[in-house]
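The opening position of the sequence shown corresponds to residue 2 in the working numbering, with each subsequent residue numbered one higher.
Below is one structure, written out as structure tokens, with a few remarks after it.
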Amino acid sequence: VIQHVKKQEWTAIWIDLVIVVVGVFIGIQVANWNEDRSSRYAEKRHLEEIAEDLRADIAIFDMIETSALLRISSIDYILGETRGVSRPKELNMPSGEVFDMPVGIPILPEERNILLTRANTVRISMGNRTGFEALIGAGGMQTIRDRQIGRQMQQYYAGMDDLVGVQNMLRQIRNDGTKMGYPLGLSTFGEMDDKKLIGIVRGNAAYSAYLRTTREWAAIHLGDTNIQRQQAVKLLADINKYLGKSGSESQ
2 VIQHVKKQEW TAIWIDLVIV VVGVFIGIQV ANWNEDRSSR YAEKRHLEEI AEDLRADIAI
62 FDMIETSALL RISSIDYILG ETRGVSRPKE LNMPSGEVFD MPVGIPILPE ERNILLTRAN
122 TVRISMGNRT GFEALIGAGG MQTIRDRQIG RQMQQYYAGM DDLVGVQNML RQIRNDGTKM
182 GYPLGLSTFG EMDDKKLIGI VRGNAAYSAY LRTTREWAAI HLGDTNIQRQ QAVKLLADIN
242 KYLGKSGSES Q
């Protein structure tokens with residue numbers, strides 16, 4: 002370019018300038034393309050990890066549902082209560098929330114010696130957060146281009162925090178009830194003839210109240226878990242749909 006300027010070869014100067022500008026432009030575009038490609042790859046990897054966590058969460062939620070229903074039906078059997086007689090059909094909370102008190106899984110004759118085990122078993126989930134925590138650690142929610150999916154993820158993991166709070170309360174009640182059972186000769190997960198157990202429990206107002214409280218919290222736990230499961234299923238479906246769309250766009 003300098004040589005052309007000295008010789009005042011203006012046509013050649015313009016050609017050189019165009020070459021330089023085009024070269025810079027192409028370089029910037031290639032850099033932007035590489036950055037966008039890297040960002041898309043990172044987004045896809047993070048979403049796949051979160052999807053895997055969601056599938057694991059859903060499986061655990063199903064186990065929690067079974068555990069809660071067994072807890073409810075075992076307590077119903079011990080207390081001799083059936084739906085609509087002396088047990089509530091639903092729980093009305095001060096917050097305005099209403100939780101159904103479902104009919105539990107029927108107790109089989111061969112299972113009656115483990116009623117207390119089932120009444121005191123509290124299956125919980127802290128949530129699988131490996132993918133979400135990796136996303137936050139790698140730069141945060143801005144990595145996810147779909148804002149709706151980003152909001153769903155934030156709401157889902159905030160809901161998991163609330164569910165953990167309910168589970169902590171439920172475990173504390175179980176632990177307190179366990180101590181109440183010691184003077185009565187009741188261990189937390191011990192096997193006992195159902196008639197003997199029923200005689201002990203129904204003759205003790207405090208322990209009966211503990212079981213009723215446990216049943217109420219089991220209904221709350223079940224209701225919150227079902228809500229969280231629905232969110233997990235919806236978020237997983239949206240992520241799978243989005244990844245499929247992204248895959249088509251990148252081809």
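Virtual Cβ for every residue (Gly too), placed ideally from N, Cα, C.
Please read these numbers as outputs of a predicted model, since none were measured by experiment.
Between the segment 214 to 228 and the segment 93 to 103 there are three or more C-beta pairs closer than 8 Å, enough to call the two in contact. Looking at the DSSP output, residue 100 shares a beta bridge with 92. Residue environment for residue 121: buried (at least 16 other C-beta atoms within 10 angstroms of its C-beta).
Spatial neighbours of residue 61 in its own chain (CB-CB distance under 6 Å, excluding positions within 5 residues in sequence) are listed in chain order as 126. Residue state for residue 139 is assigned as coil, using DSSP reduced to three classes. If you check the CB distance, residue 43 and residue 135 do not come in under 8 Å. Excluding sequence positions up to five before and after residue 89, its CB lies within less than 6 Å of the CB of 102, all in the same chain and listed in chain order.
Between residue 81 and residue 210, the alpha-carbon positions lie close to 13 Å from each other. Annotation note: the segment 120 to 172 contains the following uninterrupted alpha helix (DSSP H) runs of length 4 or greater, listed N- to C-terminal: 131 to 138. When rounded, the separation of the alpha-carbon atoms in residue 96 and residue 159 is 18 Å. Residue 172 and residue 213 have their C-alpha atoms roughly 15 Å apart. Rounded to whole angstroms, the separation of the alpha carbons of residue 240 and residue 47 is 11 Å. Assignment of residue 68 by DSSP, reduced to helix, strand and coil, places it in the helix class. Taking 8 Å as the cut-off, the Cβ atoms of residue 63 and residue 129 do not count as close.
In the displayed model, residue 177 falls within a helix according to three-state DSSP. Annotated three-state conformation of residue 108 is coil, per DSSP. Annotation: residue 177 to residue 123 spans about 13 Å, alpha carbon to alpha carbon.
Annotation: the segment 192 to 220 contains the following complete segments of the alpha helix (DSSP H) (minimum length 4 residues), in chain order: 195 to 203. Residue 50 sits in a helix when the DSSP states are folded into three classes.
Rounded to whole angstroms, the Cβ separation of residue 73 and residue 220 is 7 Å, and the two are in contact under 8 Å.
Taking the Cα positions, residue 195 is about 20 Å away from residue 175.
Only exposed fits residue 183, as fewer than 16 other CB atoms lie within 10 angstroms of its CB.
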